[in-house]
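Written out below as structure tokens is the structure these notes cover.
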Amino acid sequence: MQIPEAPEHELSIIKSAMLDRADMAYAADVLKPAHFQSQFRRQVWKAMLSIYHRGDNVDLAGLVNKLRQTGQLEKLGGAVKIAELTNEPPVISIKKYCQVVREKFARREILSLSEKIKKFIEDGSSATEAIEKTKARLTRIDEAALGEYRFCTIRELAGPCYEHLEMLATRNAKVSGIPTGFPDIDRVTGGFQSGNLIIIAARPSMGKTALACNIAQRAGVPVVFFSLEQSREELYYRAVSSISKISLTRLRDGRLSHEGWKTVNSAFQKTEQLPIIYDDTPALHYNELRRRAREAKRRHGVKLVIVDYLQLMHGDRNTPRYENITAISQTLKAIAKELGVPVVALSQLNRACEQRDNKRPRLSDLRDSGSIEQDADLVLFIYRDEVYRRDSEKKGQAEILFSKHRNGPAGISVELVFHGKYCLFQNKIQGEDHGRQNRL
């Protein structure tokens, strides 16, 4: 197969860029050395870009001097060979010529990718890994070869943002995002916002999964719940327990009275109305989770993604765990932005908090876990004093600590009631829109 190339276009761009600073300015914005097919033209363009970005005029004498300084002049055929560039015809349209060069580059990259796809399979990568690697490469080709960045002016933002404010005012909304079902939390956050990554973190047995399940049930929007630890049946029984207020233990062994069965039947009917879909695939790779989240958005119109929990997701083989956790958190943030939904990810904390007298979590307890703290828009910690102190005066109470809030107040906490046997969090003061808020 003939290699896609356009040497005449590349040479004409080089000549025109030396003759016309406006042509140089345009080409410098859209062409990188890698876009040129031959090593000779790549090195010439690299030198021209260096001169241009330094603020100097790009001409033949300056180009020869630059190549001499970098030790490239003789390798490229000397000053006479470089001078021959001025014999090329100038471009008719710099924009069209650059488009041709980028198109040929894209075709070469796609041919190269076809060979790499074979290697992905030969190296033992799964079909899912091979597909995701291919998608990632195609995206980079599209951006480098064909895509032109689309800026958004503040004037373009004014209309949509004003319409959004009008919509909120018209419906008299108490929250602008996805409600959690807990007024104390919603009053601080305005609900979970589209495009945000929300981390709910705690030590084991604090109630992370219970809180996530309660939020999924109360959100009132389609939710996809990725459970890497518990089965979908376990999550379902948690939902029934929290709705019926019949303990999970009794549901598991079927010890129910006549009235208990009636209550359970009612709870089952209520669960059928919940727009929740479950995916309980264990050890899910973060790229596969991203693909499935896209599919859930397309097929079910999901408006909230929940992941339980972050550290159980898999990354690339032979990559340090710290780097994989970083890639996972960055991918979760990318999912939130790409799909325009909040992503709630549960996270384990390290043991540092248990070595302190005050065992309430801090952001530093997340810092051994890649870039979670950096990528998150909102970090909520769950703290229950009774887990550490049997004689605690706060039995059945949970503190939700706002440790990071990119677009709102941080350093505060709200209190909820926790019924462990029902896997149920409740507002501390039932029937009121807000309860107690503390400054940490």
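Under this note's numbering, the first residue of the sequence shown carries the number 50, and numbering increases by one thereafter.
Even for Gly, the Cβ is constructed at its ideal location relative to N, Cα and C.
message: So within the stretch 156-208, which uninterrupted alpha helix (DSSP H) runs reach at least 4 residues, ignoring any that extend past its ends?
response: You should have 176-190.
F154 versus P56: straight-line alpha-carbon distance, rounded: On the sequence shown, residue 154 is found 105 positions in, with the first residue counted as 1. On the sequence shown, residue 56 is found 7 positions in, with the first residue counted as 1. Spanning the two alpha carbons is a distance of roughly 11 Å.
task: Within its chain, find whatever has a CB closer than 6 Å to the CB of Y75; leave out the 5 residues flanking it on each side and keep chain order.
output: Locating residue 75 in the sequence shown gives position 26, counting from the first residue. Apart from the 5 residues on each side of it in sequence, Y75 sits with its Cβ closer than 6 Å to the Cβ of I143 in its chain, given in chain order.
- prompt: Touch check for the stretch 320-332 and the stretch 364-374: three-plus C-beta pairs under 8 Å?
  reply: No: fewer than three Cβ pairs fall under 8 Å.
task: Go to V113, then tell me how far its alpha helix (DSSP H) extends in each direction, as first and last residue.
output: Along the sequence shown, read from residue 1 onward, the residue named residue 113 stands at position 64. Element bounds for V113: 109-118.
- prompt: Distance, Cα to Cα, D424 vs Q379?
  reply: Locating residue 424 in the sequence shown gives position 375, counting from the first residue. Locating residue 379 in the sequence shown gives position 330, counting from the first residue. One C-alpha to the other measures close to 6 Å.
task: Inspect the beta-carbon positions of F275 and I355 and report whether they are closer than 8 Å.
output: Mapped onto the sequence shown, residue 275 falls at position 226. Mapped onto the sequence shown, residue 355 falls at position 306. In this structure, I355 lies closer than 8 Å to F275 by Cβ.
- prompt: Looking only at C-alpha atoms, which of V272, L206, F85, L109 sits nearest to N136?
  reply: By 1-based counting over the sequence shown, the position of residue 136 is 87. Comparing alpha carbon positions, the residue from V272, L206, F85, L109 closest to N136 is L109.
query: In the structure shown, what three-state DSSP assignment does E142 receive?
result: Within the sequence shown, residue 142 is the residue found at index 93, counting from 1. The sequence given here places Ser at residue 142; Glu does not occur at that position. DSSP places S142 in coil when its eight states are reduced to three.
message: Within 10 Å of its beta-carbon, does R204 have 16 or more other beta-carbons around it, so buried, or fewer, so exposed?
response: Indexing the sequence shown from 1 puts residue 204 at position 155. It is exposed - the Cβ of R204 has fewer than 16 other Cβ atoms within 10 Å.
- request: Classify A55 as helix, strand or coil using the three-state DSSP reduction.
  value: For the purposes of this step, residue 55 is identified with residue 6 of the sequence shown, where counting begins at 1. In the structure shown, A55 falls within a coil segment according to DSSP collapsed to helix, strand and coil.
message: In chain order, what are the residue ranges of uninterrupted alpha helix (DSSP H) at least 4 long that sit wholly in the stretch 210-287?
response: Runs of the alpha helix (DSSP H) inside the stretch 210-287: 232-238, 257-267.
- request: Compute the distance between the beta-carbons of V229 and L395, then report whether it is under 8 Å.
  value: On the sequence shown, residue 229 is found 180 positions in, with the first residue counted as 1. On the sequence shown, residue 395 is found 346 positions in, with the first residue counted as 1. The sequence as given places Thr at residue 229; Val does not occur at that position. For the 8 Å CB-CB criterion, T229 and L395 do not form a contact.
message: Looking at the secondary structure, which residues open and close the beta strand (DSSP E) in which S396 lies?
response: The residue labelled residue 396 in the question sits at position 347 within the sequence shown. Run containing S396: 392-397, per the beta strand (DSSP E) assignment.
- request: Work out the CA separation of K294 and D357 for me, nearest whole Å.
  value: Counting from 1 along the sequence shown, the entry for residue 357 is found at position 308. Counting from 1 along the sequence shown, the entry for residue 294 is found at position 245. If I take the Cα positions, the gap works out to 23 Å.
query: Is it right to say E59 is buried, meaning 16 or more other beta carbons lie within 10 angstroms of its own, or is it exposed?
result: Taking the first residue of the sequence shown as 1, we reach residue 59 at position 10. Classification of E59: buried, given that the 10 Å Cβ count is 16 or more.
- prompt: Which residues in the same chain as I227 place their Cβ atom closer than 7 Å to its Cβ, once the five residues preceding and following it in sequence are excluded?
  reply: For the purposes of this step, residue 227 is identified with residue 178 of the sequence shown, where counting begins at 1. For I227, the CB contacts under 7 Å within the same chain, skipping 5 residues up- and downstream, are G240, F241, A268, V270, K352, L353, P391 in chain order.
- prompt: Is the Cβ-Cβ distance between V113 and L125 less than 8 Å?
  reply: To locate residue 113, count along the sequence shown from 1; it is residue 64. To locate residue 125, count along the sequence shown from 1; it is residue 76. Not in contact: V113 and L125 (Cβ atoms no closer than 8 Å).
In chain order, each alpha helix (DSSP H) run of at least 4 residues that lies wholly inside the stretch 345-395: Runs of the alpha helix (DSSP H) inside the stretch 345-395: 370-388.
task: Only counting runs of 3 or more residues, tell me where the beta strand (DSSP E) segments fall wholly within the stretch 426-485, in order along the chain.
output: If we require 3 residues or more, the beta strand (DSSP E) runs fully inside the stretch 426-485 come out as 427-432, 446-454, 461-468, 473-476.
message: So, for D72: in the same chain, excluding its five sequence neighbours on each side, which residues have a beta-carbon less than 6 Å away from its beta-carbon?
response: Within the sequence shown, the letter at position 23 stands for residue 72. If we look at D72 and ignore the five residues flanking it on each side, its Cβ neighbours are S65, A66, I143.
query: To the nearest angstrom, how far is it from the Cα of I249 to the Cα of F231?
result: Against the sequence shown, residue 249 aligns to sequence position 200. Against the sequence shown, residue 231 aligns to sequence position 182. Taking C-alpha positions only, I249 is separated from F231 by approximately 14 Å.
message: Going by beta-carbon coordinates alone, are M362 and L246 separated by less than 8 Å?
response: The residue given as residue 362 occupies position 313 in the sequence shown. The residue given as residue 246 occupies position 197 in the sequence shown. Going by beta carbons, M362 and L246 fall outside the 8 Å limit.
message: Given a cut-off of 8 Å on the beta-carbon distance, is the pair G445 and S243 in contact?
response: On the sequence shown, residue 445 is found 396 positions in, with the first residue counted as 1. On the sequence shown, residue 243 is found 194 positions in, with the first residue counted as 1. Contact flag unset, no.
- prompt: P410 and L473 look like a contact to me (Cβ under 8 Å); what is the Cβ gap, rounded to whole Å?
  reply: Counting from one through the sequence shown, the residue named residue 410 turns up at place 361. Counting from one through the sequence shown, the residue named residue 473 turns up at place 424. Not confirmed; about 22 Å, so no contact.
- request: Thinking T375 and S420 are a contact (beta carbons under 8 Å), I'd like their distance in whole angstroms, please.
  value: Position 326 of the sequence shown, counted from the start, is the residue given in the question as residue 375. Position 371 of the sequence shown, counted from the start, is the residue given in the question as residue 420. Separation of the CB atoms of T375 and S420 is rounded to 5 Å, and the pair is thereby assigned contact status at 8 Å.
- prompt: Taking the alpha carbon of K311 as the point to measure from, which residue in V289, A332, P324 has its own alpha carbon closest?
  reply: Start at 1 with the first residue of the sequence shown, and residue 311 comes out as number 262. When only C-alpha atoms are compared, the closest one is V289.
query: How close, in whole Å, do the beta carbons of G457 and T238 come, if the pair is a contact with beta carbons under 8 Å?
result: For the purposes of this step, residue 457 is taken as the residue at position 408 of the sequence shown. For the purposes of this step, residue 238 is taken as the residue at position 189 of the sequence shown. The C-beta distance from G457 to T238 rounds to 6 Å, short enough to fall under 8 Å.
field: Inter-residue spacing [alpha-carbon to alpha-carbon] between R455 and L427
entry: Here residue 455 refers to the residue found at position 406 of the sequence shown. Here residue 427 refers to the residue found at position 378 of the sequence shown. Those two C-alpha atoms are separated by around 6 Å.
query: If you run the structure through DSSP and keep just helix, strand and coil, what is D406?
result: Within the sequence shown, the letter at position 357 stands for residue 406. In the structure shown, D406 sits in coil (DSSP, three-state: anything other than H, G, I, E or B).
message: Our contact map puts V466 next to Q475 with C-beta atoms below 8 Å; I'd like the distance itself, whole angstroms only.
response: Translated into positions along the sequence shown, residue 466 becomes position 417. Translated into positions along the sequence shown, residue 475 becomes position 426. Yes, they are in contact, since the Cβ atoms of V466 and Q475 sit about 5 Å apart, within 8 Å.
- prompt: Which term fits H213, buried or exposed, when burial requires 16 or more other beta carbons within 10 angstroms of its beta carbon?
  reply: In the sequence shown, the residue the question calls residue 213 occupies position 164. Around the C-beta of H213, fewer than 16 other C-beta atoms lie within 10 Å, and the residue is accordingly described as exposed.
Start-to-end residues for the alpha helix (DSSP H) that takes in I421: By one-based count along the sequence shown, residue 421 stands at place 372. Where I421 is concerned, the enclosing alpha helix (DSSP H) stretches over 421-424.
task: Can you tell me which of D406, G309, Y335, K168 puts its alpha carbon nearest to the alpha carbon of N373?
output: Within the sequence shown, numbered from 1, the residue matching residue 373 stands at position 324. Of the candidates D406, G309, Y335, K168, the one whose C-alpha sits nearest the C-alpha of N373 is Y335.
- prompt: How about V393 and I190: are their beta carbons less than 8 Å apart?
  reply: To locate residue 393, count along the sequence shown from 1; it is residue 344. To locate residue 190, count along the sequence shown from 1; it is residue 141. No, they are not a contact pair.
task: Might you give, ordered along the chain, the residues of its own chain that have their beta carbon closer than 8 Å to the beta carbon of P253, omitting 5 neighbours on each side?
output: Translated into the one-based positions of the sequence shown, residue 253 becomes position 204. Beyond the five residues adjoining it in sequence on each side, P253 comes within less than 8 Å, by CB distance, of Q397 in the same chain, given in chain order.
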